[in-house]
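Residue numbers (our numbering), protein chains in the order written: chain F, 11 to 273; chain B, 46 to 484.
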């Protein structure tokens, strides 16, 4: 029998919530450990096997000088590199610094900012190395993670859904919040994966899973502005957990041209 | 002869977040001990300024994927303090149920997946499962019930979406909660079994005594609110927290440690502190089982925190069962209305790993003006370093790998949450990088 495929879990700037999703697969965790050799996963085990690895799950954004070098090494060590979560795929909430004065942020939080190794920007992994697959979400959906891992085992090509949250909303027969209550909802432009979680709680989508590939964000926000929403209200919505993903970034910068990010 | 030994744990494993330990021993004397936290800073206090105040619970949840409910509950209540509103009893009860879910999930992850392998001699729960499959599976099922509770009340276990300033976006479904009762009953029984297995393990001797700090509430085990009390006799309102505790910069390192005034003393927060200060408030089953364990809590070692976590797990299950049994009607008002104003508000709650404090200044335009967050791990850091120094001095004759192993086990006992603490310590990187693993 062929050796079990090896899997490694790497962390950059993040909250640990996405890698925790692996441990939250309570019914499948031991089975996963039977099917894969969990070779590098510091949060869960002390044994560390050197690379290369068949599958590398990367959590977190690139936000320090050291990260820039380390992600290159991670890429070299992983046959298939998968980014997991909003930080790794879009820069995360910490990417709000990309529109702010980083030095001022440092002074605000740290008495002696000189000691802090930190870049002025927080960027997604794909801005630095080639990424083979991405699992979206803040946090990722553990069901998507499980589907992805089983596809890897079977040698299939994993294809996470790329349609919008609206599709999930309709499937659940939820009443549209934007139409019925005028709630500015990012559902039409956000990639599916959460199962329309926020709308099911009567709350507009705030874009955890980032823009889907054909998202047309600016006209949607124009539409909301033609209604009751102000640009001031829409800006933090679109410039949020995945605000640095390009479609959301452009739409946010259109509202706020003065602080537009000039990459 | 100048005999210098340097000990380094490059990557602390089975802890939340990324940290390292550096220690120097010269001629048999411990010169320097430093818990080095190299989590990249994410500037939460900085980025909160100017954001709508409604976002505080959702944004601060992203500080920690392991204890997001603690951040949400603290942020909501600090904002409500600033806004001058009070939520209904029904909302407070649902918040307690919500927090029970997080204690269950968080404590079971730490006990069964991260900490128990130390006591049974394994490098992970994965390898431990080869010999203790039932124990690991039971732990995973206990954790699963906590996650299900969080799913129902909060929408999802990591970064729940249902918490709001003033209450909840939607009342949790009564049907869904009631259907969870049989699982909760099974889980509490499994937790009691696991508790007594764990309580019989061998624990290293206590290394010293602590000044414990926790919230204390007149009629419940502390979670969502209370007064800040200490073993040494402190008893203050939450709003006075900053008059009695401060972050102190330490000369030998770049880390900021929280200490208690007036003497800048180290102190301990977390399950051991809560058990010592609020034992009488434990739920009936938790108290009964605690008495069967026969632990002398006043002289307990930090390693016995694992027993305290199991007792709190049982407490959380028992309370959740009571709340769900009494949950007859979904409340008509799930969210109390408010109007923004220029004000400052603060609050503290008991995160699974200890007291968490938030303070916000808000403006009448509905935006956040200032934010201050003191997570539990930065409060424990001074005590962790003191304990490490004592451990190194007592075990100085051990070989390096044995000694570093002991240090790592000690650190793990506090259940440090390094993602939370990161912005309260200075980063002092040694750039001896190798492979993709961090130096």
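For each residue, glycine too, the CB sits at the ideal point set by N, CA and C.
Inset, instruction - To the nearest angstrom, report how far apart residue 429(B) and residue 459(B) are at their CA atoms. - result: 8 Å
Legend entry - Rounded straight-line distance, which links the Cα of residue 236(F) to that of residue 61(B): 45 Å
Legend entry - Proximal residues to residue 274(B) (C-beta, below 7 Å), its chain only, five neighbours per side dropped: 259, 261, 280, 322
Inset, instruction - Whole angstroms is fine: what's the gap from residue 178(F)'s alpha carbon to residue 214(F)'s? - result: 14 Å
Inset, instruction - Please list the residues of the segment 169-187 of chain B that have a C-beta atom closer than 8 Å to any C-beta atom in chain F, keeping them in chain order. - result: 169, 170, 171, 172, 174, 178, 181, 182, 185, 186
Inset, instruction - Mind checking which residues open and close the alpha helix (DSSP H) that includes residue 324(B)? - result: Looking at the DSSP string, residue 324(B) is not in any alpha helix (DSSP H), and its letter there is neither H nor E.
Inset, instruction - Output the distance between the C-alpha atoms of residue 332(B) and residue 58(B), rounded to the nearest integer angstrom. - result: 33 Å
Legend entry - First through last residue of the alpha helix (DSSP H) which encompasses residue 402(B): Per DSSP, residue 402(B) belongs to no alpha helix (DSSP H); it is in the beta strand (DSSP E), 399-407.
Legend entry - Cutoff 7 Å: residue 485(B) Cβ touching any chain F Cβ: Nothing can be reported for residue 485(B): it is not among the residues displayed for chain B, which extend from 46 to 484.
Legend entry - Under 8 Å by beta carbon: chain F residues contacting residue 108(B): 25
Legend entry - Contact under 7 Å by Cβ, residue 316(B) with residue 346(B): no
Inset, instruction - Spell out whether any CB of chain F is found under 7 Å from the CB atom of residue 64(B). - result: no
Inset, instruction - Check residue 36(F) in the structure and name its three-state DSSP category. - result: coil
Legend entry - Neighbour flag for residue 119(F) against chain C, beta carbons, 7 Å: In the displayed structure, chain C is absent; the protein chains listed are F and B.
Inset, instruction - May I ask which residues mark the beginning and end of the beta strand (DSSP E) holding residue 88(F)? - result: 88-94
Legend entry - Boundaries of the beta strand (DSSP E) in which residue 440(B) is found, first to last residue: From DSSP, residue 440(B) is part of no beta strand (DSSP E); its letter is neither H nor E.
Inset, instruction - Over the uninterrupted alpha helix (DSSP H) stretch that includes residue 419(B), give me the two end residues. - result: Run containing residue 419(B): none in the alpha helix (DSSP H); it sits in the beta strand (DSSP E), 413-419.
Inset, instruction - Along the alpha helix (DSSP H) that carries residue 162(F), what are the first and last residues, could you check? - result: 152-164
Legend entry - Whole-angstrom distance between residue 174(B) and residue 243(B), CA atom to CA atom: 16 Å
Legend entry - Exposed unless 16 or more other CB atoms sit within 10 angstroms - verdict on residue 438(B): exposed
Legend entry - Three-state class that DSSP yields for residue 143(B) in the structure shown: helix
Legend entry - residue 226(B), buried or exposed, once every other Cβ within 10 Å from all chains shown has been counted against 16: exposed
Inset, instruction - Please determine, among 208(F), 184(F), 226(F), 181(F), the residue with the shortest C-alpha to C-alpha distance to residue 199(F). - result: 226(F)
Legend entry - Beta-carbon neighbours of residue 396(B), restricted to chain F and to distances below 8 Å: In chain order: nothing, as chain F lies at least about 14 Å away.
Inset, instruction - Spatial neighbours of residue 17(F) within its chain, please: CB distance less than 6 Å, with the 5 preceding and 5 following residues excluded, ordered by chain position. - result: 46, 48, 65
Inset, instruction - Please specify which runs of the alpha helix (DSSP H), each continuous and at least 4 residues long, are wholly inside the segment 132-190 of chain B, giving them in chain order. - result: 134-153, 161-165, 170-176
Inset, instruction - May I have the straight-line CA-CA distance separating residue 91(F) from residue 63(F), to the nearest angstrom? - result: 9 Å
Inset, instruction - Could you tell me the boundaries of the alpha helix (DSSP H) in which residue 248(F) lies? - result: 241-248
Inset, instruction - Inspect the CB distances between the segment 91-109 of chain B and the segment 360-379 of chain B and report whether three or more fall short of 8 Å. - result: no
Inset, instruction - State the start and end residues of the unbroken beta strand (DSSP E) segment that holds residue 140(F). - result: From DSSP, residue 140(F) is part of no beta strand (DSSP E); its letter is neither H nor E.
Inset, instruction - Run the CB neighbour count on residue 147(B), radius 10 Å, all protein chains shown included, and call it buried at 16 or more, exposed below. - result: buried
Legend entry - Where residue 213(B) sits in the DSSP three-state scheme: strand
Inset, instruction - Output yes or no for whether 7 Å exceeds the beta carbon distance between residue 383(B) and residue 184(B). - result: no
Inset, instruction - Report the option in 307(B), 216(B), 419(B), 48(B) whose CA atom is closest to the CA atom of residue 133(B). - result: 216(B)
Inset, instruction - Name, going along the chain, the residues of the segment 172-198 of chain F whose beta-carbon falls closer than 9 Å to a beta-carbon of chain B. - result: none
Legend entry - N-terminal and C-terminal residue of the alpha helix (DSSP H) that residue 243(B) is part of: 226-244
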